[in-house]
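If you're matching them up, the sequences are chains F and L in order.
Residues 1 to 142 in my numbering are what the first sequence lists, from first letter to last.
Residues 1 to 146 in my numbering are what the second sequence lists, from first letter to last.
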Amino acid sequence: MTEFTPLMSLVGGTLIGLSAVLLMAFNGRIAGMTGILTGLLPPVSTDWPWRAAFIAGAIAAPMLVLSLSSQTIGFDSSVANPWLAVSGLIVGVGVYFGSGCTSGHGVCGMARLSPRSIAATAVFMATTTATVFVSRHMLGGL
Amino acid sequence: MQRTITAGLAGLVFGTGMALSGMSNPAKVLNFFDFAGSWDPSLALVMASALLVTAVGYRFVLRRDKPIVEARFHLPTARKLDTPLLAGSALFGVGWGISGFCPGGAIPALGLAEPSAWIFVGTMLAGIVAARTVRLALESRATQTA
């Protein structure tokens, strides 16, 4: 069980949106994790510094929150390691061919009313729901 | 240099939002999708608020001729709903449903020093590199035979 956290979820969602607006306003870029990461992998894109900075900021953020405030960050993963590895591989291949993930399609693309992003988001929300149903209610958890 | 600093700041805000919202917490993500079980509606509020802020912000930002520290806006130009988009997204959902990790949630989770996040991100990066290698090879073969 995880508790319903309306306030923190609204605060967090607002910050995710703010980040997307900042990156567009200053750098003219979509704040999509898939696109940003892909340019950092071989063949590495020539504009890698801003990408690396965004990733570094994203990784440093939870550490800063924990060290500078009394805020706790919930984290719980009970999925077995082999399934984590399989999941990562599937996600990597999927987001590459799908040209984006939750941040790029689900937030930035949907906000632009991009038909591709709306379709992509509808598809991955559906297959995620189906996968969770199968893994939890038919296979009894992974 | 300027563009690196602004991107770093945007990354900080992104990671803070992911961590506070619960998007970096796999259990919370899986519960959001578990309508038949321990449903946690929190992530609907994350998506709704992120979308609202982005939609309103983009309206103002994209009215400008160019971004503040960059020569032009880099917006995706593809319009077609093609097989890679739909099949790739379907696949992504399967992976997301297995672990509860998506790329945007997992990267900030690296900062929580959780081994599960490192395993996921490791194979995810391998998956992106493998998929990209296949696509680039297919494209270069297509140009050679054309």
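Where a beta carbon is used, it is the ideal one built from N, C-alpha and C, also for glycine.
A contact between stretches requires three or more CB pairs, one per stretch, nearer than 8 Å, and the segment 8-17 of chain F meets this requirement with the segment 41-57 of chain L. Interface flag for F:T129 against chain L is set, since a Cβ pair is found closer than 8 Å.
Of the candidates F:I90, F:P42, F:M1, the residue whose Cα lies closest to the Cα of L:F101 is F:I90.
Interface with chain F (8 Å Cβ-Cβ cutoff): L:D65 is excluded.
Pairing L:F120 with L:I107, the inter-Cα distance amounts to about 10 Å.
By the beta-carbon neighbour count (other beta carbons within 10 angstroms, threshold 16), L:A27 is buried.
Taking C-beta separations shorter than 6 Å and ignoring five residues to either side along the sequence, the partners of F:G100 in its chain run G32, T34, following chain order. A Cβ-Cβ contact shorter than 8 Å links L:S89 with F:V123.
Secondary structure remark: continuous alpha helix (DSSP H) runs of at least 4 residues inside the segment 58-124 of chain L, in chain order: 83-99, 103-110.
In terms of beta-carbon proximity, L:A137 stays away from the interface with chain F, with every pair separated by 8 Å or more. For F:M138, no chain L residue has a Cβ inside 7 Å of its Cβ, as the nearest lies near 10 Å away. Within chain F, the C-beta atoms nearer than 9 Å to that of L:R79 come from S114, P115, R116, in chain order. When Cβ-Cβ separations below 8 Å define contact, F:S67 makes no contact with chain L.
Listed along chain L is no residue with a C-beta nearer than 9 Å to that of F:V44; the closest approach is about 11 Å. Between L:R3 and chain F, the shortest Cβ-Cβ separation is below 8 Å. Chain-order list of chain F residues neighbouring L:A142: empty, with the shortest C-beta distance near 16 Å, by a criterion of under 8 Å.
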